[in-house]
Structures are given as structure tokens and as C-alpha cells.
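Okay, so here's the structure we're looking at.
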Amino acid sequence: MTAISQFIENEVKSNDVVLFMKGTPGFPQCGFSGQVVQILDYLGVDYKGVNILTSDELRQGIKDYSQWPTIPQLYVKGEFVGGCDIIREMFQAGELQTFFGEKGIAARAA
Amino acid sequence: MSIQEKIESKLTQALQPERLAVINESHLHAGHQPSFNGSGETHFRVRVVSAKFDGLSRIERHRMVNELLENELAVDKVHALAIEPAAPGEATRW
Numbered sequence: 001m002t003a004i005s006q007f008i009e010n011e012v013k014s015n016d017v018v019l020f021m022k023g024t025p026g027f028p029q030c031g032f033s034g035q036v037v038q039i040l041d042y043l044g045v046d047y048k049g050v051n052i053l054t055s056d057e058l059r060q061g062i063k064d065y066s067q068w069p070t071i072p073q074l075y076v077k078g079e080f081v082g083g084c085d086i087i088r089e090m091f092q093a094g095e096l097q098t099f100f101g102e103k104g105i106a107a108r109a110a
Numbered sequence: 111m112s113i114q115e116k117i118e119s120k121l122t123q124a125l126q127p128e129r130l131a132v133i134n135e136s137h138l139h140a141g142h143q144p145s146f147n148g149s150g151e152t153h154f155r156v157r158v159v160s161a162k163f164d165g166l167s168r169i170e171r172h173r174m175v176n177e178l179l180e181n182e183l184a185v186d187k188v189h190a191l192a193i194e195p196a197a198p199g200e201a202t203r204w
């Protein structure tokens with residue numbers, strides 16, 4: 001396992017909710033990342049944002065790790081949940097709230 | 111062949127879609143990076159209804175489309191790909 005995939009694995013295993021994104025939760029630098037930030041903030045979920053723009057190695061590494069070609073990417077309890085489209089769809093259907101509940105993550109009911 | 115035409119042709123062949131809309135949204139992202147002037151083929155939205163999605167999870171559907179368009183993402187440098195997949199009979203908003 002490469003150093004970068006070890007770093008990623010450590011992030012997703014040591015934090016319940018991790019969002020790999022462009023920019024930071026306070027200052028997203030991409031509209032798709034920004035949409036997921038808004039949803040997580042709305043639900044009041046505690047999460048860690050990892051800014052993949054800080055390193056080309058990380059930017060490529062996360063795509064290889066998840067076998068998913070685009071950013072953002074949301075991980076919950078070590079499991080890849082999806083990118084912007086999937087998170088938004090789940091949120092709109094009320095499934096994201098249920099999913100967090102099943103995973104034991106505190107989230108406000110929408 | 112434009113990138114848009116390649117996307118349409120690959121998805122049509124592989125998914126035999128009931129409905130397909132490939133929308134170039136690059137103009138909506140003009141200026142957010144120096145190389146995006148809005149006239150290019152950098153940002154796409156794919157809306158597709160196909161029986162191939164029957165019984166597949168959201169992630170599996172997205173993976174299928176991502177894999178079909180691997181070359182467009184990696185070689186043609188499509189920067190963003192929004193995907194709205196549905197199986198026949200499922201609700202769509204378009």
C-alpha cells in the first residue's frame with residue numbers, strides 16, 4: 001500500500017464522517033463540493049473535510065482508493081457512500097438521514 | 111467527433127437507453143479555473159433511463175457510467191460529470 005493510500009485509509013478509519021473535497025468546509029472551491037458541505041451542515045453532522053487541492057498525490061490517490069473518478073467523495077465509518085449526485089439524491093429522498101441514523105451518527109431530521 | 115457526441119454514442123451503444131440527454135454545462139463554469147472559458151467541453155450532465163440499471167444501487171449505476179466514459183474523463187479531460195441515472199418506471203425530474 002502506498003503512503004498516500006495509507007493516509008487515506010487512516011482518515012476514513014479514524015473519523016466517522018470524512019468528506020474529500022475541493023477547498024474546505026468553510027471555503028469550498030467547487031460547486032459540487034459546496035453542495036455536499038451544505039447538506040452535511042444542514043443535517044448538523046460532525047465531519048472532517050479533507051482538501052484534495054493541497055496535493056496532486058492526494059487528488060489522484062483518492063480516485064484510485066475509491067475507484068471513483070470525481071470529487072467530492074463522502075465516507076461514513078470507512079465506507080464510500082457517494083459523490084455529489086448520490087448524496088443529494090439520498091438527502092432529497094430522506095435516505096441520507098436514515099443512513100446516518102443506522103450508522104449511529106447524530107443528524108438532525110430534515 | 112466532439113466529446114459530447116462520443117459520450118452520446120458510447121452511452122447509446124452500451125445502455126440502449128429509453129431516454130438520454132447529454133448536456134454540456136461548461137458555460138455555467140466559465141472562469142472558475144483559468145482554462146475554463148465556457149466554450150469548451152469540460153462539464154457535462156448525463157441524464158439516462160436504461161433497463162441496464164434495474165436492480166443496481168446508486169453507486170453501481172454511477173460506476174457503470176463512469177467506466178463507460180473513463181476515456182473522456184482521463185484522456186479528454188472532462189472535468190466534471192454529473193449523472194442522473196434511472197431505471198424505467200422510476201421517477202425522473204426531466
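One line per chain: the protein sequences are A and B, in this order.
Counted the way the numbering used here counts, the first sequence spans residues 1 to 110.
Counted the way the numbering used here counts, the second sequence spans residues 111 to 204.
All C-beta atoms in this analysis are idealised placements derived from N, C-alpha and C, irrespective of residue type, glycine included.
Burial state of residue i (16 or more Cβ within 10 Å)
i	result
residue 73(A)	buried
residue 65(A)	buried
residue 27(A)	exposed
residue 195(B)	buried
residue 137(B)	exposed
residue 182(B)	buried
residue 168(B)	buried
residue 190(B)	buried
residue 51(A)	buried
Own chain residues within Cβ distance below 6 angstroms of residue i, not counting five before or after
i	result
residue 91(A)	39
residue 76(A)	17, 103
Residues near residue i by beta carbon distance below 7 angstroms, same chain, minus five either side
i	result
residue 70(A)	83
Partner residues on chain B for residue i, Cβ-Cβ distance less than 8 angstroms
i	result
residue 70(A)	176, 183, 190, 191
Rounded separation between residue i and residue j - CA only
i	j	result
residue 53(B)	residue 162(B)	Missing from the structure shown is residue 53(B); chain B here goes from 111 to 204 and no further.
residue 86(A)	residue 201(B)	15 angstroms
residue 177(B)	residue 41(A)	31 angstroms
residue 32(A)	residue 120(B)	25 angstroms
residue 98(A)	residue 111(B)	44 angstroms
residue 175(B)	residue 151(B)	18 angstroms
residue 80(A)	residue 67(A)	10 angstroms
residue 29(A)	residue 22(A)	5 angstroms
Where residue i meets chain B, residues with beta-carbon distance less than 7 angstroms
i	result
residue 86(A)	168, 169, 172
Same chain, Cβ closer than 8 angstroms to residue i, neighbours up to 5 away in sequence not counted
i	result
residue 128(B)	159, 160, 161, 198
Partners in chain A for residue i, counting only beta-carbon separations shorter than 7 angstroms
i	result
residue 194(B)	85
Touching by the beta-carbon criterion (3+ pairs, under 8 angstroms), the segment 92-106 of chain A and the segment 117-133 of chain B: Because the criterion of three Cβ pairs below 8 angstroms is not met, the segment 92-106 of chain A and the segment 117-133 of chain B do not touch.
Segment contact, 8 angstroms Cβ cut-off, at least three pairs: the segment 163-183 of chain B with the segment 135-150 of chain B: The segment 163-183 of chain B, when compared against the segment 135-150 of chain B, does not touch it at the 8 angstroms Cβ threshold.
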